[in-house]
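Residue numbers (the working numbering), protein chains in the order written: chain A, 1 to 167; chain B, 168 to 854. Cβ atoms here follow ideal geometry from the backbone N, Cα and C, with glycine treated the same way.
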């Protein structure tokens, strides 16, 4: 049973990352399901007799109900356009972090549209490329802004050099 | 003295499908490298696991052969000018031998002096040459590569260690900051690192560390353990070759085990269960003694038998989660009538530049109806085809096919059955994707064959119409495979289809009816040729003699079944005694017609005959024109051959009288037209 996943980040926002970063994730729930010997995540004991179910089941149900049945497609399509325009405007003002938030909203909105089957195969490619373009722009802008500040998180001179190469 | 050379590239886990071809690539590149460097060896063995690509070069020479040769160069008068200076030619000769002009001396042969050098070179040591293995690593190609650390260098996965041993000596090949040594790594969880004294110790030393380096041995272990389990439980298993191969390269130390799932999931179609097990989990499905799929599976662990029960229950748990999903999709899809899915096909794109699936289905129906009429197919076939053409892509928008794309067609069949559609309709929905590979199985039913042919013709016509025409090296939409599928189905169903005639009619019929762009101008003939090229592929694949293939394809015949029939006749009689005279007589006719540039635009006038042989040939040709089967036509030619020869013997074809000449040529032209039904016989190689 896999309980961890190791991911390399060679490219982020279409920029090569040097050195290549990696992320390790642990399936805490999976590990717990073995330790507690339960089959469903909802049967896990969170603590003091409180189950995962007691905390997460209702939100899960509500989100599913919304995402698959109650979401308003027309509204979501408008949201996507508004979030995209906002992200672009913020990028123009070098407000990297709020721009990034709006890009995440675009991505989330796309997922909601996709869940309803509202996006045809052809349109799908279009939406994905819009999100990808934004991700690239925000990545470029982020590196620019950090560079202006001399890459404050890179302390040694050699590291700074590597950081410039990123741009 | 020759010794074995071991070279191992140790990596992070590689994708299974990349491993076998990469180790082959490593061996091929090494073989070439050693040959280019003049290092003799016996053979190269390969070992491969997810974490290592290894070669063992057997009996590799310790050094290159020494060179001790006298090389002859240009004549002295070319090597030196009048003043005794070395010419460019002399300099080039010396440099080519790795020497300088100082090394040149002259010797006389038959009165002429020639330049010579005595080349003596000690062969380089293998241990020096083998340092170049780093260039082989750098040259290797992979479908996907990755960078790691701060390197620009890319490999399929990060390299962690190198072993490079010539006999017992380390050859310190370097790549990045890794220097090859004698230490290899055992199984990630069960083994330790091992220091190898000798190249030959490799396989056994790794076995002690729970690594079976030999892929064939691992595969045999898997099959043997699998057979044991199957025998014990009275099951059957039909191990999928690709899956077996994949699993072999997913593990370093295989242990086979069986698991099970709740019987309640057996209500889901077999194909779904198999896909859930195979594609997601790499499990082998299991059948009972009667061949019925049962609620067990067989899987392979990368490890030994320790805590195997835990592993089994873990695998069962993951599978159940998958099966729950499949059950959910199956239940959801069945809540709707087929029309619900068909309606949504308006919004499903067949291709951006062509249009929707709904539009495609309309065209396919028209094409199929046209073909059915042409072939005189019975009414019930047409009725079932029409129904199938209204439905056949609907499963693309079901949840099940959304999750398991490879079940397209199969799910359509199951859902159509459940919706009470005729069996013929349901099966045709599945069969229209066939053949799924070039030589894959063909549709078995008439309706399925018709739907498959119509669907594929539509695909080719609309792709050509939209300008997406395959080139010799690039065929991203597999149009060649579709065309080959059409040819195979036509031959299988004995359906005649002269494409040069049919395609313009189909394009005409669709014109104005569909928004898709259609081929214009000569494009229909281009498509006809494109399909005819696949007939060639078919004949070659089915072992027809190459000259017969050339001959039948050079005829003006466009109908694959007629071309095949001609090839069959020629192949059958190729070695008969009469074959040679018949072909020679018929080619003689063609040659005369070619020379005379006769266009065939003259009616034969019997009143101009003045010899019996002319009358005989005329009668013979008239009889043959009534013959339908090519086998009978060939037999007719066998009988006509003496008549033709007689005709040539007694008549001057190129008569002085223009009228008589044209009349005689017209007779020959009639024979030639008949012969063309078999092919261009001048292409045949007659012994």
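For residue 827/B, the three-state secondary structure derived from DSSP is helix. Residues are counted here when their Cβ sits less than 7 Å from a Cβ of chain A; for the segment 317-330 of chain B these are 317, given in chain order. If you check each beta-carbon in the segment 3-22 of chain A against every beta-carbon of chain B, the ones closer than 8 Å belong to 8, 10, 16, 18, 19 and 20. When C-beta distances to chain B are compared with 7 Å, the residues of the segment 29-42 of chain A below that value are 39, in chain order. With distances taken between CA atoms, residue 325/B lies nearest to 345/B out of 848/B, 842/B, 285/B and 345/B. Taking 7 Å as the CB threshold, residue 218/B stays off the interface with chain A. From the beta-carbon of residue 314/B, the residues of chain A found nearer than 7 Å are 10 and 20. For the C-beta of residue 623/B, not a single chain A residue is nearer than 7 Å; the gap to the nearest is close to 21 Å. For the pair residue 238/B and residue 293/B, the Cα-to-Cα distance works out to about 26 Å.
Using a Cβ distance threshold of 7 Å, residue 531/B and residue 622/B count as a contacting pair. Beta-bridge partners of residue 463/B (DSSP): 427/B. Following the DSSP letters along the chain, one finds residue 629/B inside the alpha helix (DSSP H) bounded by residues 613-632. The CB of residue 708/B never comes closer than 8 Å to any CB in chain A; the least such distance is about 34 Å. The alpha-carbon separation between residue 295/B and residue 205/B amounts to approximately 13 Å. With a cut-off of 8 Å on Cβ pairs, the segment 705-717 of chain B is in contact with the segment 726-736 of chain B, counting three or more such pairs. By the CB criterion at 7 Å, residue 279/B and residue 249/B fall outside the cutoff.
Under the criterion of beta carbons closer than 8 Å, residue 490/B and residue 443/B qualify as touching, at roughly 6 Å. Considering only 320/B, 453/B, 263/B and 432/B, the residue with the shortest C-alpha distance to residue 398/B is 453/B.
Beta-carbon to beta-carbon, residue 355/B and residue 330/B are separated by about 17 Å, too far to satisfy the 8 Å threshold. Of the residues assessed, residue 24/A falls on the exposed side of the cut-off, its CB having fewer than 16 other CB atoms within 10 angstroms. Buried is the label assigned to residue 662/B, since at least 16 other Cβ atoms lie within 10 Å of its Cβ. With contacts defined as CB atoms closer than 7 Å, residue 630/B and residue 694/B fail to qualify as a contacting pair.
Counted as a single uninterrupted DSSP element, the stretch harbouring residue 356/B is not any beta strand (DSSP E), since DSSP gives it neither H nor E. Uninterrupted alpha helix (DSSP H) stretches at least 4 residues long and entirely within the segment 537-623 of chain B occur at 546-558, 566-570, 577-585 and 590-598, given in chain order. With fewer than 16 other Cβ atoms from the protein chains shown falling within 10 Å of its own Cβ, residue 275/B counts as exposed.
The alpha-carbon of residue 495/B is positioned some 48 Å away from that of residue 690/B.
Going by C-alpha positions, residue 547/B is about 50 Å away from residue 772/B. Bounds of the beta strand (DSSP E) holding residue 216/B are 210-216. Residue 562/B is a Cβ neighbour of residue 579/B, given a cutoff of 7 Å. DSSP, reduced to helix, strand and coil, places residue 680/B outside both helices and strands of the structure shown, so it counts as coil.
Going by DSSP, residue 224/B is part of the beta strand (DSSP E) stretching over 219-227. Considering only 464/B, 702/B, 411/B and 208/B, the residue with the shortest C-alpha distance to residue 437/B is 464/B. 7 Å or more divides the Cβ of residue 170/B from the Cβ of residue 290/B. If you compare the alpha carbons of 61/A, 134/A, 35/A and 123/A with that of residue 96/A, the shortest gap goes to 134/A. Among the bridge pairs identified by DSSP, residue 336/B is matched with 333/B.
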